[in-house]
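Enquirer: Residue numbers in the sequence shown follow UniProt numbering, run continuously in steps of one, and reach 160 at the last position. All C-beta atoms, glycine included, are put in the ideal place defined by N, C-alpha and C.
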Amino acid sequence: MIIMIAAVAQNNALGKDNELVWHLPNDFKRFKALTTGHHIVMGRKTFESFPKPLPNRTHIVISRQKDYQPEGCIVVHTIEEALAICPKDEDTFIIGGGEIYKLAIPFADKLEITKVHHEFDADAYFPVINPEEWELRDSDLQSKDEKHLYEYTYQTYYKK
C-alpha cells in the first residue's frame, strides 16, 4: 500500500524554510512507529532537513540533480521510479515535501494525516484532500498540553 504521511495545518501548511513550524513530540513518535522498517520516499529538500538518515528505513530520495548521491540512500528522478523500486507487498510511505505530495497523491492508497488545529505562515503546502476521492475512516483528537502547544487530530483516509 502507498501511504502518504504528513502533519498538516488547518490551512494545509506543511512548513517554512524547509522546517516544520510546530513541535508535536507525540506525532514524531507516531511517525516513527508507522514508518520504521519500511521504504520512505521523499524529495531532496526533505531529506536534507534531517540531521542524518532516519534509522531502520530505506530512504528513496527524488532529485532533479543527476549527480546527487547521499550516502545510504537510493536516488531517483521521478515519483514513478521511486514507487517502482518499492516492494509491492509492503507499505511504502511518502513523507514529503509539498511538491512530492502533489506528485504522489494520484498513486496513494491511504493518507495518514496529523491535522494541526492552527493556521501557519508557510512556503510548503499539502494538496487539498478531495472528499470525492478520499474517505475519512478514522479520527482521533489529541488535546494540547505542556509538550504540545496545539490541538491536533490523527486522521486516516482511504482512497474511494
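1) Counting pairs of beta carbons, one from the segment 78-91 and one from the segment 23-30, are three or more of them closer than 8 Å?
2) Curious, which full-length beta strand (DSSP E) runs of at least 3 residues does the segment 67-117 contain?
3) What separation, rounded to the nearest whole angstrom, lies between the Cα atoms of residue 145 and residue 118?
4) Report the three-state DSSP secondary structure of residue 124 (helix, strand or coil).
5) May I ask you to report which of helix, strand or coil DSSP gives residue 17?
6) Kindly identify the DSSP beta-bridge partner or partners of residue 23.
7) Could you tell me if residue 3 is buried or exposed, where buried requires 16 or more neighbouring beta carbons within 10 angstroms of its beta carbon?
8) Using three-state DSSP, classify residue 35 as helix, strand or coil.
9) Look at the Cβ atom of residue 74, then the Cβ atom of residue 62, and state whether they are nearer than 8 Å.
Expert: According to the structure shown:
1) no
2) 73-76, 92-96 and 110-116
3) Working through the sequence shown from its first residue, we reach residue 145 at position 145. Working through the sequence shown from its first residue, we reach residue 118 at position 118. Per the coordinates, the alpha-carbon of residue 145 lies some 15 Å from the alpha-carbon of residue 118.
4) Counting from one through the sequence shown, the residue named residue 124 turns up at place 124. Of the three classes helix, strand and coil, the one that applies to residue 124 here is strand, per DSSP.
5) As a working mapping, residue 17 is identified with position 17 in the sequence shown. Residue 17: coil per DSSP, three-state reduction.
6) Looking up residue 23 in the sequence shown gives position 23. Beta-bridge partners assigned by DSSP to residue 23: none are found.
7) Residue numbering aside, residue 3 sits at position 3 when the sequence shown is read from its first letter. It is buried - the Cβ of residue 3 has at least 16 other Cβ atoms within 10 Å.
8) The residue given as residue 35 occupies position 35 in the sequence shown. The answer is helix: DSSP assigns residue 35 an H, G or I state.
9) Residue mapping note: residue 74 aligns to position 74 of the sequence shown, counting from 1. Residue mapping note: residue 62 aligns to position 62 of the sequence shown, counting from 1. Their beta carbons are not under 8 Å apart, which means residue 74 does not touch residue 62 by this criterion.
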